[in-house]
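Residue numbers (our numbering): 3 to 519.
Below is one structure, written out as structure tokens, with a few remarks after it.
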């Protein structure tokens, strides 16, 4: 009876996760359009490039880019609907990920742990938002979750392949893959320093190293480096206050189920103590049952330390990877405490409603992070954090610029601080003012702190002066203390359109400048 009901339960969880990503529809994030443009150029014969003729590795997700290109082949190739393909892939990936989380929770704790974890992740705003946003996040999370499943089941060759795929999907996967490799090496028989280790693990070593070395060699020869340029660009272009990442991470780890939507941020005072404690209890409980779970229990905290110390500008999707593992060990901690304490209070039969509530609470908290009609108004429910104000105004800029372009627009250069929407919908060369996809941008950063004003990013006036793009499309915050204070820029460019929007504050909007004849 359990096997039959378990099958239907897994099907239900899969359908729930997929439906939660298809019902909102496409709400594509600007950065996802960058990957789409790489995939489209690849299929169009321009190579693995953002701008044809400029081999720059501006994406950190080469495997996802190749996957989109492969899936687009039977659906129009370079003319395929990449946003739709990305959302469908993400929905299926998260559906499979939820099923695996249930199986993992069942193995480490109980069906209740698996159900609580799977339900929470099925509708988690930090998962759904980036799935419907077209990012590689869902595919990446499936690879990490599948790595945990494979490692727990001692499927070492499969785990090695999944680890390599995860690194090629996002390089920060080394924060999990590295500890797994270390853990396996320390407990393997024979040991790595003994000759038998390499012979007995030759297949796993090959499937792990071969794709990574192949990509590194290709990237080195094609781009000049296997490290994405976006890594250096983001570290130099943004002015991040000290401890900013640490503070955001504290907020995230103290409210992993977006409890601020239910209790406001006051919940943080409880969550910062409650969840780490439950995670620690769950880790100790899991280790007694399966010591292979150790690297995965440590992963959320290693992720916290690395990002807090490096202090990058934390985009929201950077916060997603540790979350399902954090939720899993929190659920294990709840089970351990409940199993030890509750039978002393009442008979198990009377405690069944309380157990059901504990399973359902994470799901209910995450559900409260959804809106029936999210901002901007839409006809479908979606997570509240899946807002589209920036992408919508950039689409308006595309509609404004497109009719002004000549028939042969490849010679036109549009400079922008956010290049996703503009680059995907305009057939022009894009000058990436942050430097993710344009090498010529990097020497102009970092800027003098005064040019940033009250924001984390500013456009260098010297970059515009030297490159002389035909259009400059920026949020006014990007140039308020730099471009708008530069006499040469004001003399050379005319503001031809302004779209007022409340995006990063109560004032401002998107500016479109055109170079004077």
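Ideal placement from N, C-alpha and C gives every residue a C-beta, glycine not left out.
Note that the structure is a prediction, hence the values are computed from the model and not measured.
Next on the checklist: Measuring straight from C-alpha to C-alpha, what distance separates residue 181 and residue 442?
Outcome noted: Computed Cα separation, rounded: 37 Å.
Item to check | Contact under 7 Å by Cβ, residue 200 with residue 326 | outcome: Contact flag unset, no.
Checklist entry - Quick one, are the C-beta atoms of residue 202 and residue 140 less than 7 Å apart? => result Their beta carbons are not under 7 Å apart, which means residue 202 does not touch residue 140 by this criterion.
Checklist entry - Is the beta carbon of residue 102 less than 7 Å from the beta carbon of residue 169? => result Taking C-beta atoms as the reference points, residue 102 and residue 169 fail to come closer than 7 Å.
Next on the checklist: Tell me which residues share the same chain as residue 313 and place their Cβ nearer than 8 Å to its Cβ, disregarding the 5 neighbours each side in the sequence.
Outcome noted: Excluding positions up to five away in sequence, the list reads 242, 244, 245, 246, 247, 248.
Checklist entry - Hey, quick one: how far does the alpha helix (DSSP H) through residue 253 stretch, first residue to last? => result In the DSSP assignment, residue 253 falls within the alpha helix (DSSP H) that extends over 246 to 256.
Checklist entry - Residues in its own chain within less than 7 Å of residue 394 by CB, not counting five upstream and five downstream? => result Non-local beta-carbon contacts of residue 394 in its own chain, meaning distances under 7 Å to residues more than five positions away in sequence, involve 378 in chain order.
Checklist entry - DSSP beta-bridge partners for residue 434? => result Bridge partners of residue 434: 418.
Checklist entry - If we ignore side chains and look at the alpha-carbon of each, how far apart do residue 490 and residue 461 end up? => result If I take the Cα positions, the gap works out to 14 Å.
Checklist entry - Between residue 416 and residue 433, which are expected to be in contact by the criterion C-beta below 8 Å, what is the C-beta distance as a whole number of angstroms? => result That pair is a contact at about 7 Å.
Item to check | C-beta atoms of residue 114 and residue 361 nearer than 7 Å | outcome: Residue 361 sits close to residue 114, with the two beta carbons spaced by under 7 Å.
Checklist entry - What is the C-beta distance between residue 423 and residue 35, in whole angstroms, given that I count them as a contact (C-beta under 8 Å)? => result The beta-carbon distance between residue 423 and residue 35, rounded to whole angstroms, is 6 Å. This is short enough to meet the 8 Å contact definition.
Checklist entry - Mind pulling the alpha helix (DSSP H) runs of 4 or more residues that sit fully within the region 214 to 288? => result Along the length of the region 214 to 288, whole alpha helix (DSSP H) runs at least 4 residues long occupy 231 to 239, 246 to 256, 262 to 265, reported in chain order.
Checklist entry - In the region 127 to 185, which residue ranges form an unbroken alpha helix (DSSP H) of at least 4 residues, counting only runs that do not cross its ends? => result Considered as a whole, the region 127 to 185 harbours 127 to 133, 139 to 154, 158 to 171 as its complete alpha helix (DSSP H) runs of no fewer than 4 residues, in chain order.
Item to check | Same chain, Cβ closer than 7 Å to residue 29, neighbours up to 5 away in sequence not counted | outcome: Excluding its 5 nearest sequence neighbours in each direction, residue 29 has C-beta neighbours in its own chain below 7 Å: 134, 135, 384, 388, 390, listed in chain order.
Checklist entry - Which of helix, strand or coil does DSSP assign to residue 473? => result For residue 473, the secondary structure class from DSSP, reduced to helix, strand or coil, is strand.
Item to check | According to DSSP, residues forming a beta bridge with residue 512 | outcome: Partner(s): 477, 501.
Checklist entry - What residues are listed by DSSP as bridge partners for residue 496? => result Under DSSP, residue 496 shares a beta bridge with 516.
Item to check | DSSP state of residue 373 mapped onto helix, strand, coil | outcome: DSSP, read as helix, strand or coil, puts residue 373 in strand.
Checklist entry - What residue from 100, 54, 72, 126 has the CA that sits closest to residue 371's CA? => result If you compare the alpha carbons of 100, 54, 72, 126 with that of residue 371, the shortest gap goes to 126.
Checklist entry - For the putative contact between residue 503 and residue 512, defined by C-beta atoms under 8 Å, what is the C-beta separation to the nearest angstrom? => result Confirmed, Cβ separation roughly 6 Å.
Item to check | For residue 442, the first and last residue of its enclosing alpha helix (DSSP H) | outcome: Judged by DSSP secondary structure, residue 442 falls outside any alpha helix (DSSP H); it is assigned neither H nor E.
Next on the checklist: Using 7 Å as the threshold, is the C-beta distance between residue 285 and residue 331 below it?
Outcome noted: Cβ atoms of residue 285 and residue 331: closer than 7 Å.
Checklist entry - Which of helix, strand or coil does DSSP assign to residue 85? => result Per DSSP, reduced to three states, the secondary structure at residue 85 is helical.
Item to check | Coil, strand or helix - residue 324 by DSSP | outcome: Coil.
Next on the checklist: By alpha-carbon positions, which one of 225, 240, 319 ends up nearest to residue 447?
Outcome noted: With distances taken between Cα atoms, residue 447 lies closest to 240.
Checklist entry - Name the DSSP bridge partner or partners of residue 122? => result Residue 122 is not bridged to any residue.
Checklist entry - When the Cα atoms are used, what is the spatial distance from residue 268 to residue 262? => result Counting only the Cα atoms, residue 262 lies some 7 Å from residue 268.
Next on the checklist: For residue 456, count the other beta carbons within 10 Å of its own beta carbon; 16 or more makes it buried, fewer makes it exposed. Which is it?
Outcome noted: The residue is exposed, with fewer than 16 neighbouring Cβ atoms inside 10 Å.
Next on the checklist: So if DSSP puts residue 53 in a beta bridge, which residue, or which two residues, is it bridged to?
Outcome noted: Paired residues: 56.
Checklist entry - Going by the beta-carbon positions, is the gap between residue 144 and residue 167 smaller than 7 Å? => result In this structure, residue 167 does not lie closer than 7 Å to residue 144 by Cβ.
Item to check | One or two residues paired with residue 385 in a DSSP bridge | outcome: DSSP output for residue 385 lists 372 as bridge partner(s).
Checklist entry - How about residue 437 and residue 480: do their beta carbons lie closer than 7 Å? => result The Cβ atoms of residue 437 and residue 480 lie no closer than 7 Å to each other.
Next on the checklist: Less than 6 Å between C-beta atoms, sequence neighbours within five positions excluded: which residues of the same chain meet that for residue 484?
Outcome noted: Counting only Cβ-Cβ distances below 6 Å, and skipping sequence neighbours, we find 453, 460, 461, 463.
Next on the checklist: I'd like to check one pair, residue 499 with residue 365: are the Cβ atoms closer than 7 Å?
Outcome noted: It is not a contact, given that the beta carbons lie outside the stated cut-off.
Checklist entry - Starting from residue 429 and walking both ways along the alpha helix (DSSP H), at which residues does that stretch end? => result For residue 429, there is no enclosing alpha helix (DSSP H), as DSSP marks it with neither H nor E.
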